[in-house]
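Trainee: Positions 688 to 1151 (the working numbering) are the ones given, in order, by the sequence shown.
Quick reminder that beta carbons are idealized off the backbone N, C-alpha and C, glycines included.
The structure follows.
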Amino acid sequence: MEPYKLKAEIKEFILQNAKEHPELGCRKLARLIQEAFQSNISKSTVSSLLKSEGLNKVVGRRGSRPKAPLIHPPTVHKPEVTEAGPEPALGMLPFLEEASRNHNEAPLPAARDQERQECGIWFLRAAELCLGGMPEVKDARNPENIKAIVPQIFSELVFRSTEALAQKFILEDNRFFFLDAGCHTIWTTERIPERLSVGLYKDRTYLNESILSGRKPLILQAAPGFDIPTPALFDFIDAFQAEKPHKAIKGIELYSADNLLIDTIKFAQRQEKRYFIIGLWPWQYKNRDFGPSIRLVPINNTDNSRKLDIITNIESGRQSGEEIIGHYLRRWPILESGYQDFLDEIGHFVRSPRTKIQYKCPILPNNGENLTYEQVLSFWRLILNSYCQRHFFPIDYQELDFLVLQERFYHLRGAINSISDSFEVKFEPPEGFLYQKDLQYACQRVNEADIRLIDGHKLRFSFA
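What follows is the structure in structure tokens.
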């Protein structure tokens, strides 16, 4: 079927999704058309249409799963790009503070090193870390004290359950670009898959560290676009380089998954350089000249073939290529399969963009009046479970009940150990465990979520 013979609605579908999600190749677009319209369109037809509209894409299959062993980050001793300075005020919630809870009611037990125990509950703890933690309750065993502050606790938990999906960067020349809150890539529109949202607390942490204070580089999983860079990428580079006054960041707006404005951050016009690290796949961008200030650092396979390039504006005199690679691999430890999962999220979003995942929580009054502390804890536990369903577990887990997840994952046993700069939870599923593939997926999602404990250790999941 030639492009000019395509039905108007199919042609519009192809062009709209190619513009909004340039990461999708011809093969995936052809599959989406088949699912949406029950019409078989070839890759070459999709490619011809995109070429005729100036949206060229490479025809052919990209590697989707890693065939080589994982590349582990090299040991480096300078993880920070710049020395830490005072952290700017952003209305940040304090980091996770352990609540004084009744042990039988608490969903999150204390950790113990190298002791086999129920570790599955750490999925809920990971969600809690992303949302900012349970507020500290002093003198929690005093019933009168608890009763008096339950509405306040409930209100705080409702606020902490807020999630951000998009960061809109507005420049002095009024151009703008978006980042998804999980920092996967740069977007030209706010049409971002809902499963790429993160807790508002986590989103503000990223902004504090890489944008406001500049203490750490912003590390994106992949560059946007396919055959050619998107204009949003060049706006991003100009904004972070801070060399052009008209490209300075004027403000950042945070949006929820419902496209509601959550917060606005204003900037002074005079700004300092901010650092970034971005993955770039071999099939992306024929022309890779981004100017003299931008470095390309290669990550090679064991046979010296190119696995991934890294785009960065960190000067070679400041950090070596090995250190840059270490930063990237600590943030995004799974390369091909992690990126393929990201593309799958886009594909699912294109197929069903209006699907909303409902919280499976009890209907509670907005102000929390007449609630018991146990009801508030139950509410929070279900919020955490919902976060796990939407961000850690495979997409078909979103409609399952809490008890199902508890049976499959939250009761898993294993061991906990602090290793170097990591806090490792290693699951030991029982013999004949039926959900090992789902557990592997969930561990990968947690490891890519860049979750850190109060002491700075990164939370990592694995299984025997």
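Using DSSP with H/G/I as helix, E/B as strand and the rest coil, what is isoleucine 836?
Mentor: Your numbering for residue 836 matches position 149 in the sequence shown. Three-state DSSP puts isoleucine 836 in a helix.
Trainee: Within the continuous beta strand (DSSP E) that includes lysine 934, where are the two ends?
Mentor: Position 247 of the sequence shown, counting from 1, holds the residue named residue 934. Unbroken run through lysine 934: none, as it is neither H nor E.
Trainee: Opposite serine 1105 in the DSSP bridges: which residues?
Mentor: The residue given as residue 1105 occupies position 418 in the sequence shown. DSSP, once it has assigned bridges, lists Phe1110 as partnering serine 1105.
Trainee: In its own chain, which residues sit with a C-beta less than 6 Å from the C-beta of threonine 849, not counting the 5 before and 5 after it?
Mentor: Walking along the sequence shown from the start, residue 849 turns up at place 162. The answer, listed in chain order, is Leu887.
Trainee: Going by CA-CA distance only, name the one from Pro985, Leu1030, Pro822 that's closest to glutamate 1009.
Mentor: The residue labelled residue 1009 in the question sits at position 322 within the sequence shown. Of the listed residues, the one whose Cα sits closest to glutamate 1009 is Pro985.
Trainee: Strictly by DSSP, which residues pair up with glutamine 854?
Mentor: Here residue 854 corresponds to residue number 167 of the sequence shown, with the count starting at 1. Paired residues: Leu866, Leu941.
Trainee: Rounded to the nearest angstrom, how far is the Cβ of arginine 1077 from that of arginine 882, given a contact under 8 Å?
Mentor: The residue given as residue 1077 occupies position 390 in the sequence shown. The residue given as residue 882 occupies position 195 in the sequence shown. Correct: roughly 6 Å between the Cβ atoms.
Trainee: Residue range of the alpha helix (DSSP H) that lysine 1124 falls in?
Mentor: Position 437 of the sequence shown, counted from the first residue, corresponds to residue 1124. Taken as a continuous stretch (DSSP letters only), the alpha helix (DSSP H) holding lysine 1124 covers 1123-1135.
Trainee: Taking the alpha-carbon of asparagine 1057 as reference, which of Ile840, Ala955, Ile1070 has the nearest alpha-carbon?
Mentor: Residue numbering aside, residue 1057 sits at position 370 when the sequence shown is read from its first letter. Selected option, being the one with the closest Cα: Ile840.
Trainee: Quick check on alanine 813: buried or exposed, where buried means 16 or more other Cβ atoms within 10 Å of its Cβ?
Mentor: Position 126 of the sequence shown, counted from the start, is the residue given in the question as residue 813. The residue in question, alanine 813, is buried, as its Cβ has 16 or more Cβ neighbours within 10 Å.
Trainee: By Cβ distance below 7 Å, which residues in the same chain neighbour glycine 938 in space, the five residues on each side in sequence not counted?
Mentor: Numbered from 1 along the sequence shown, position 251 holds the residue referred to as residue 938. The residues are Ile857, Thr951, Ile952, Lys953, Phe954.
Trainee: Excluding five sequence neighbours on each side, which residues of the same chain lie with their C-beta closer than 7 Å to the C-beta of arginine 818?
Mentor: Along the sequence shown, read from residue 1 onward, the residue named residue 818 stands at position 131. Before going on, a small fix: residue 818 reads as leucine here, not arginine. If we look at leucine 818 and ignore the five residues flanking it on each side, its Cβ neighbours are Arg847, Ser848, Gly886, Tyr888, Tyr1074.
Trainee: With burial defined as no fewer than 16 other Cβ atoms inside 10 Å of the residue's Cβ, what is the status of histidine 933: buried or exposed?
Mentor: In the sequence shown, the residue the question calls residue 933 occupies position 246. Exposed.
Trainee: At which residue ranges does the region 993-1042 contain complete alpha helix (DSSP H) runs of 4 or more residues, listed in the order of the chain?
Mentor: List check, alpha helix (DSSP H) in window: 1008-1018, 1023-1038.
Trainee: Would the region 1060-1071 count as touching the region 902-917 if we require 3 or more Cβ pairs under 8 Å?
Mentor: They do not touch, by the three-pair rule.
Trainee: Count the other C-beta atoms from every protein chain shown that fall within 10 angstroms of the C-beta of histidine 1098, then say buried if there are 16 or more, exposed otherwise.
Mentor: Residue mapping note: residue 1098 aligns to position 411 of the sequence shown, counting from 1. So histidine 1098 ends up on the exposed side.
Trainee: Tell me whether the beta-carbon of leucine 811 lies closer than 8 Å to the beta-carbon of aspartate 890.
Mentor: Translated into positions along the sequence shown, residue 811 becomes position 124. Translated into positions along the sequence shown, residue 890 becomes position 203. No, Cβ-Cβ distance for leucine 811 and aspartate 890 is not below 8 Å.
Trainee: Determine the extent of the beta strand (DSSP E) in which threonine 951 is found, giving its start and end residues.
Mentor: By one-based count along the sequence shown, residue 951 stands at place 264. Note, threonine 951: beta strand (DSSP E), 948-953.
Trainee: Report buried or exposed for valine 1091, applying the criterion of at least 16 other Cβ atoms within 10 angstroms of its Cβ.
Mentor: Numbered from 1 along the sequence shown, position 404 holds the residue referred to as residue 1091. With fewer than 16 Cβ atoms within 10 Å of its Cβ, valine 1091 is classed as exposed.
Trainee: Ignore the nearest five residues each way along the sequence and tell me which others in proline 1081's own chain have a CB closer than 6 Å to its CB.
Mentor: Translated into the one-based positions of the sequence shown, residue 1081 becomes position 394. The residues are Asp1125, Tyr1128.
Trainee: Mind checking glutamine 721: buried by the 16 CB within 10 Å criterion, or exposed?
Mentor: Taking the sequence shown and counting its residues from 1, the one referred to as residue 721 is at position 34. Classification for glutamine 721: exposed.
Trainee: If glutamine 908 and tyrosine 1026 are in contact, beta carbons under 8 Å, what's the gap, nearest whole angstrom?
Mentor: The sequence position of residue 908 within the sequence shown is 221, counting from 1. The sequence position of residue 1026 within the sequence shown is 339, counting from 1. With 8 Å as the limit, glutamine 908 and tyrosine 1026 qualify as a contact, their Cβ atoms being about 7 Å apart.
Trainee: Quick one, are the C-beta atoms of arginine 961 and alanine 929 less than 8 Å apart?
Mentor: As a first step, residue 961 must be located in the sequence shown, where it is residue number 274. As a first step, residue 929 must be located in the sequence shown, where it is residue number 242. The answer is yes: Cβ separation under 8 Å.
Trainee: Measuring only the C-alpha atoms, how far is cysteine 713 from aspartate 1031?
Mentor: Taking the first residue of the sequence shown as position 1, residue 713 is located at position 26. Taking the first residue of the sequence shown as position 1, residue 1031 is located at position 344. Distance between the alpha carbons of cysteine 713 and aspartate 1031 is about 14 Å.
Trainee: Assign serine 734 to one of three DSSP states: helix, strand, or coil.
Mentor: Here residue 734 corresponds to residue number 47 of the sequence shown, with the count starting at 1. In the structure shown, serine 734 sits in a helix (DSSP, three-state: H, G or I).
Trainee: Return helix, strand or coil for serine 842, following the three-state DSSP convention.
Mentor: On the sequence shown, residue 842 is found 155 positions in, with the first residue counted as 1. Three-state result, serine 842: helix.
Trainee: Could you tell me how far apart the beta carbons of lysine 994 and asparagine 1000 are, in whole angstroms, since I believe they sit closer than 8 Å?
Mentor: Your numbering for residue 994 matches position 307 in the sequence shown. Your numbering for residue 1000 matches position 313 in the sequence shown. Not a contact, Cβ separation roughly 22 Å.
Trainee: Identify which residue in Leu702, Ala935, Asn946, Tyr1015 has its Cα closest to the Cα of phenylalanine 963.
Mentor: Here residue 963 is taken as the residue at index 276 of the sequence shown, counted from 1. Measuring from the Cα of phenylalanine 963, the nearest candidate turns out to be Tyr1015.
Trainee: Give the DSSP bridge partners of leucine 905, in chain order.
Mentor: As a first step, residue 905 is located in the sequence shown; it is residue number 218 there, counting from the start. Phe963.
Trainee: Counting C-beta neighbours from all protein chains within 10 Å, is the total for serine 734 16 or more, i.e. buried, or is it exposed?
Mentor: Locating residue 734 in the sequence shown gives position 47, counting from the first residue. Burial call: buried.
Trainee: By the 10 Å Cβ neighbour count, where 16 or more other Cβ atoms means buried, how is glycine 1119 classified, buried or exposed?
Mentor: Translated into positions along the sequence shown, residue 1119 becomes position 432. By the neighbour-count rule (16 or more Cβ atoms within 10 Å), glycine 1119 is not buried but exposed.
Trainee: Let me check one thing: in DSSP terms, what residues is tryptophan 874 bridge-paired to?
Mentor: Against the sequence shown, residue 874 aligns to sequence position 187. Per DSSP, Phe865.
Trainee: Quick one: measure Cβ to Cβ for phenylalanine 1110 and histidine 1144, integer angstroms, because I've assumed they're closer than 8 Å.
Mentor: Taking the first residue of the sequence shown as position 1, residue 1110 is located at position 423. Taking the first residue of the sequence shown as position 1, residue 1144 is located at position 457. Yes, phenylalanine 1110 and histidine 1144 are in contact; Cβ-Cβ is about 4 Å, under 8 Å.
Trainee: So what does glycine 978 bridge to, in DSSP terms?
Mentor: For the purposes of this step, residue 978 is taken as the residue at position 291 of the sequence shown. Note: glycine 978 sits in no beta bridge, so no partner.
Trainee: Here's a check: name, in chain order, each residue in its chain whose Cβ is nearer than 7 Å to the Cβ of phenylalanine 863, leaving out the five neighbours to either side.
Mentor: By one-based count along the sequence shown, residue 863 stands at place 176. Only Lys855, Phe856, Ile857 meet the Cβ criterion.
Trainee: Take isoleucine 1021 as the anchor and find which of Lys834, Leu967, Arg982, Glu1135 has the nearest alpha-carbon.
Mentor: Sequence index remark: in the sequence shown, residue 1021 carries index 334 (1-based). Ranking the options by Cα distance to isoleucine 1021, first place goes to Glu1135.
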